[in-house]
Structures are given as structure tokens and as C-alpha cells.
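Asker: Take the sequence shown: its position 120, counting from 1, is numbered 106 in the working numbering, and each next residue is one higher. Beta carbons: idealized from backbone N, C-alpha and C, even for Gly.
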Amino acid sequence: MIYDLVGIGAGPSNLSLAALSPKHLNAMYIERRPEFSWHKGMEFSFADLQVSFVKDLVTLADPTNEHSFLNYLHTNGKLYHFLNAQFQSVSRKEYADYFKWVSQRLDNILMSECVLSVNFDEDFIVETDKRTLRSKNISVGVGKVQYIPSFARPLLGNNNFHVSQYKYNDHQLAGKKIIIVGGGQSGAEAFYDLISRDKDDAVKQVYWITRRDNFLPIDDSPFTNDLFMPCQVEYLQQFSYSKKKEYVRKNILTSDGISGKTLNDIYQLLYRYQFLEDNPLEFKLMPSRSVEGLTKIGTKWLVNSRHLEYEVDEHFEADVIIWATGFCDGPKNFLRPIDHKLEKVGVGEEYMVDNDYSVVWNGPKDRNIFMLNSVKNQKGLSDPNLSLTAWRSRKVLDRIENKACQQVANKSLVEWNPIQEIEPFVEQGLIREAKASI
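Listed below in C-alpha cells is the structure:
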């Protein structure tokens, strides 16, 4: 059998693709985990989505699709209760359950199976640890891996770990001195969890360190959200790779800042500890620092930090280090057999993709490798974000079925492109002056 599409990974990216696929499309998805999970190690009871629940797997491409979040609520008998609760945002735990619900409704996901290699011989040949599949197209949606500085990786363990492993280690933190490194949402959630513990489970000390100038909020304002529209992705395509990469860097707080609610909760709790209650917790919030070294001394850690404004070294002692330093693209070793055929951009940073997220490669034009959630510096900050997941899936499916774009264009309220209104000057015979002043 030759599939129309084989998806590698069954996280939100490929799950969206599967949920939107027409029934006649012969597709199979392969996932190494035994069941679907989404940020399980960071499933804090108070953690909420940073995007609207409408930006689910399907709705912005097909509002009538049965795999929408609203249908999840309806099917599980909680739609009215959800509306009555008037949530300002949806809990991450509930959204993870929604994703899992979708994955269980689809019958073309192979769980507990690992892709070993992808080769090409007229079609793509996908080797797993259990079978061989042939496909006209493949979609790569393997997600991100935890980023940890190189000097800390050899020392990882149950007292030096990434925040994605937090819930697997939080039972052993009572009475400890903790240092959190990283000033984004995950660092804020870990900090809040640690400072809000009951007395029997309380930690002794929490230091929170970030390279940023302060503990900065996410920009979730209306015009900023225009950056997470399809027209913005298309706007970026006219620029060079280096310019797009700089654009992403400058606008990072549109996706990687801390929710205002989380910041309020943290500040209000610290206010209570500082002025209203006799709480023995020691805490320090330390912006403008770069952690540059880590040394194990007995059961303790010695942390070497550089103050970026004063340009002096600082040293701190801790029992536990938590790295809330984000995620990065992991190696896609299964592509090695065909890697020499695939174009890359930057210093081998990303696979080069076209407007439909298909990798530019030395192969037949009707055979495609779609790269999902791995091309942020080409497609913008929406690429790893849930905001345009459904739209991207629709583009991929249209390409596979050789259809013209099926989606209605949505123009931004912001004019991103240059404008020259010269007609009035032409009429008045002032065109030369107008040209000189532009």
C-alpha cells in the first residue's frame, strides 16, 4: 500500500492535520509515546492557555469540524457549565485533555512506534521499529526538545532538571534551596508553584534568574495579535532569512512573555509574605543575569552568574536547579538518508520551506516533505504557536490534493507594506517634489 501521507509525530501539529483530513485521504501517523500527552511535566493546576480556545486544532480552518474544542465540550456534557463559568482563559490541563480526546477519536495513529529512517525511491520509504510504510508525502511534526546550556547537560538529574520535568520531581523539593533559570511563562509557573506551597511542603528559598531586563509580560494586545494572522506569514515571505530572524527576535514577547494574571498572582502573594504574613520563605527575583557555570560541591550546587548591567560575577548556592530555558528544534536523525537532498537556510539552522511548508528538495515536485513547527525563522512566531496550526494544516492538505487555496483571506487592519499616495501630487503638477520627499 502507498499512503498519500505519513505523519511523523502525533503532537498538536500532525494531530490538526489528521483532524482536518478528508476521509478519502489515505494517511497514517506514527507516535513514539504510548498515549497522547502535552506538557505533562508542567501540568500545573493553575496554568492557563496563552491563546484563545478558538485557536484549536480545526476551527480557524473549518468551524464545522467535529474535532473542535466546542464539540469536545458538547460531547463531554460540559458546554453549558463551561459558558457559565465565564473563564477568562482555558486551563492547559483541559486543553491537553481535548487534544487527547481528538487523538482517541482518530483511527490512523500508531502509538508506541518509533520512526528510524526515511528514504526515497519513487515514494518515501518510512522505516519504523515495527514496519515499513511507503508514502507520496510525509509531514514532520516531532515537536521541540528541552533547551539546557551545554555546561549543565552532563550534570542533569533529579536535582538539576528542565522545567518540563518539574511535576516528576516536585515531591522532593520541600525544605530545599531552589534556583529557577529563565524568565518566561514556564519559569513564572514554577516560581509561583514553589512560593505557594503549604507549610508541610514549603521550600526554604527560591531565587528566580533571567537574562531579560525584568519579568516581562506577554503582549496580547489586539494589534499585536495581528502578527498571528495568515496575512502576516505571507508578509514575511518577501524578506531575507536574516531579516525574518531579526523580526522574530524583536517581537519575541508577543509569544514568550508571562501572562498578566500569572504576574499579578506572583506579586500579590509576595506582597502578602512581605507585609501581611510572617512567612519564612526567602526569595529573590534577579533580572539581567546570565548563568554561565554550574559546579557540584557535595550535595550542593554552586551557580556562577554574570550581572549583565554591572558586568560582575555573582555566585549562589542551591540544592536544586530548574532550567526554564525553553525549547529548541531537536535533531531529525530519521531524515539522514535523504538529508543531502534537502535545502537548508542559515547555518544549517532550518530546512528551507516554500509557501505551503514543503521542504525545498532535489526530488519530484509531486512528492513533499512538510515541516511543521520547525521553521519559526522563516514563517514567524506563529509557527510554534497554536494560533495558526489549523490554517497551516489546511495549506498542507490543499497542496497534497493539488487544490487552490480553500481559505478565505483575512486582511490585517495594519498596513504592513509601503504606501505611496501620489495621485494628488500628479494632478497638481507636483510629482517631482513628491518624489523628492518620499
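#1: In angstroms, rounded to a whole number, what distance separates the CA positions of tyrosine 15 and leucine 1?
#2: For methionine 215, which residues of its own chain have a beta-carbon under 7 Å away from its beta-carbon, when the five flanking residues on both sides are left out?
#3: Rounded to the nearest angstrom, how far is the Cβ of asparagine 123 from that of phenylalanine 320, given a contact under 8 Å?
#4: Going by Cα to Cα distance, which pick from Val(-8), Glu295, Asp186 is closest to glycine 119?
#5: Could you tell me how far apart the beta carbons of leucine 159 and leucine 367 are, in whole angstroms, since I believe they sit closer than 8 Å?
#6: For aspartate 212, name the three-state secondary structure that DSSP assigns.
#7: Count the CB pairs spanning the stretch 46 to 57 and the stretch 96 to 112 that are closer than 8 Å, and state whether there are at least three.
#8: Determine the direct distance from the alpha carbon of phenylalanine 313 to that of asparagine 237, and round the result to whole angstroms.
#9: Quick one: what's lysine 86 bridged to in DSSP?
#10: Count the other CB atoms within 10 Å of the CB of threonine 61; is the residue buried (16 or more) or exposed (fewer)?
#11: Can you check whether the CB of glutamine 393 is closer than 8 Å to the CB of arginine 380?
#12: As a quick exercise: from Gln218, Phe302, Ser241, Glu300, pick the residue whose alpha carbon is nearest that of glutamate 401.
#13: Between glutamine 171 and threonine 248, which are expected to be in contact by the criterion C-beta below 8 Å, what is the C-beta distance as a whole number of angstroms?
#14: Does the pairing of the stretch 56 to 70 with the stretch 28 to 37 give three or more beta-carbon distances under 8 Å?
#15: So if DSSP puts glutamate 113 in a beta bridge, which residue, or which two residues, is it bridged to?
#16: Quick one: give me the first and last residue of the beta strand (DSSP E) that asparagine 146 is part of.
#17: Out of Ala(-4), Ser360, Lys79, state which residue places its alpha-carbon closest to the alpha-carbon of glutamate 336.
#18: So the alpha helix (DSSP H) phenylalanine 55 belongs to, where does it begin and stop?
#19: Take leucine 271 as the anchor and find which of Tyr253, Ile283, Ser7 has the nearest alpha-carbon.
#20: Flag this pair as yes or no: are the beta carbons of valine 37 and leucine 6 separated by less than 8 Å?
#21: Given 8 Å as the limit, is there contact between the stretch 167 to 184 and the stretch 194 to 208, that is, 3 or more CB pairs closer than that?
#22: Return the residue from the list Tyr154, Asn290, Leu102 that minimises the CA-CA distance to glutamate 303.
#23: Use the C-beta contact count for glutamate 329: other C-beta atoms within 10 angstroms, 16 or more gives buried, fewer gives exposed.
#24: Under the three-state reduction of DSSP, which class applies to arginine 353: helix, strand or coil?
#25: By how many angstroms is the C-alpha of arginine 235 removed from the C-alpha of alanine 422?
#26: Would you mind working out which of Ala176, Glu232, Leu142, Ile134 sits nearest glycine 316, comparing C-alpha positions?
#27: Restricting to Cα atoms, I'd like to know which of Gln90, Gly129, Leu69 is closest to glycine -5.
Answerer: With the structure as the only source:
#1: Within the model, the alpha-carbon separation for tyrosine 15 versus leucine 1 is close to 9 Å.
#2: Closer than 7 Å at Cβ, skipping near neighbours: Asn396, Ser398.
#3: Contact flag wrong, Cβ pair sits at about 15 Å.
#4: Reading the sequence as shown, one finds leucine at residue 119 and not glycine. Ranking Val(-8), Glu295, Asp186 by Cα distance to leucine 119 puts Val(-8) first.
#5: Rounded, the Cβ-Cβ distance is 33 Å, inconsistent with contact.
#6: Residue state, collapsed to three classes: helix.
#7: Result no; under three Cβ-Cβ pairs closer than 8 Å.
#8: Between the alpha carbons of asparagine 237 and phenylalanine 313 lies a gap of roughly 17 Å.
#9: According to DSSP, residue pairing for lysine 86 in a beta bridge does not occur.
#10: By the 16-neighbour rule on beta-carbons within 10 angstroms, threonine 61 is exposed.
#11: In this structure, arginine 380 sits near glutamine 393, with a CB-CB distance shorter than 8 Å.
#12: The residue from Gln218, Phe302, Ser241, Glu300 with its alpha-carbon nearest to that of glutamate 401 is Gln218.
#13: Yes, glutamine 171 and threonine 248 are in contact; Cβ-Cβ is about 7 Å, under 8 Å.
#14: At 8 Å Cβ cutoff, the stretches do not touch.
#15: Per the DSSP secondary-structure output, glutamate 113 pairs in a beta bridge with Ser103, Thr118.
#16: Segment 146 to 148, the beta strand (DSSP E) holding asparagine 146.
#17: With distances taken between Cα atoms, glutamate 336 lies closest to Ser360.
#18: Taken as a continuous stretch (DSSP letters only), the alpha helix (DSSP H) holding phenylalanine 55 covers 55 to 61.
#19: For the options Tyr253, Ile283, Ser7, the alpha carbon positioned closest to that of leucine 271 is the one of Tyr253.
#20: Taking 8 Å as the Cβ cut-off, valine 37 and leucine 6 do not qualify as a contacting pair.
#21: In this structure the stretch 167 to 184 lies against the stretch 194 to 208, because at least three pairs of beta carbons, one per stretch, are closer than 8 Å.
#22: Closest option to glutamate 303, Cα to Cα, is Asn290.
#23: Counting every other CB atom within 10 Å of its CB across the protein chains shown gives glutamate 329 a total below 16, marking it as exposed.
#24: Looking at arginine 353 - three-state DSSP - the assignment turns out to be coil, as it is neither helix nor strand.
#25: In this predicted model, alanine 422 has a pLDDT of only 42, less than 50, meaning its place in the structure is not dependable; the value taken from the coordinates is given anyway. Cα to Cα, alanine 422 sits roughly 34 Å from arginine 235.
#26: Of the listed residues, the one whose Cα sits closest to glycine 316 is Ile134.
#27: In this structure, Gly129 is the residue among Gln90, Gly129, Leu69 with its C-alpha nearest to the C-alpha of glycine -5.
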